[in-house]
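Residue 343 in my numbering sits at position 66 of the sequence shown, with consecutive numbering throughout.
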Amino acid sequence: MRLQGIFSSICDRLFENNAGSDLQLGLMGILSNLLSSSKNNHFEFIKINGYNFLNMFFNTIRDYSTESGEKFLDSIFELLNRIIFSGTKFSQIQNMEAFGVVLEIVGN
């Protein structure tokens, strides 16, 4: 239960208006580390609909045209790739829910 609270706090913080891109990258880095290190963490994240939060977060990113916006997106996708492949060498998808977020983003 405590882990769900941590995940909820991270997701809530991602959506705060005053959360700058550096903070958001840091929070995504924490999520990436937590989700790629343990299947239990992955299941706890599912219980709070964390992957839906991630999808909503990506839908809030609108500025792709600036250099800083492009770097931010590159960094976010790198972290998301780490979650999807869970530390493997990109040979097999380990996290289908995170992969679904990417497919949803590409579809939009």
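C-beta atoms are modelled at their ideal positions from N, C-alpha and C, and glycine is treated no differently.
Could you tell me whether the stretch 316 to 326 touches the stretch 342 to 350, using the rule of 3 or more Cβ pairs below 8 Å? no
Could you have a look at SER292 and say whether DSSP puts it in helix, strand or coil? One-based indexing of the sequence shown puts residue 292 at position 15. Note on residue identity: the sequence assigns Phe, not Ser, to residue 292. Here PHE292 sits in coil by DSSP.
Point to revise | Classification of ILE370 by the beta-carbon crowding that lies within 10 angstroms, buried from 16 upward | key: Counting from 1 along the sequence shown, the entry for residue 370 is found at position 93. Exposed, because fewer than 16 other Cβ atoms sit within 10 Å of the Cβ of ILE370.
inquiry  = Taking a contact to mean a Cβ-Cβ separation below 8 Å, would you say ARG359 touches SER309 in this structure?
reply    = For this step, residue 359 is matched to residue 82 along the sequence shown. For this step, residue 309 is matched to residue 32 along the sequence shown. Closer than 8 Å, so yes.
query: Are the beta-carbon atoms of LEU356 and GLY306 separated by less than 8 Å?
result: Here the question's residue 356 lines up with position 79 in the sequence shown. Here the question's residue 306 lines up with position 29 in the sequence shown. Yes, the Cβ-Cβ distance between LEU356 and GLY306 is below 8 Å.
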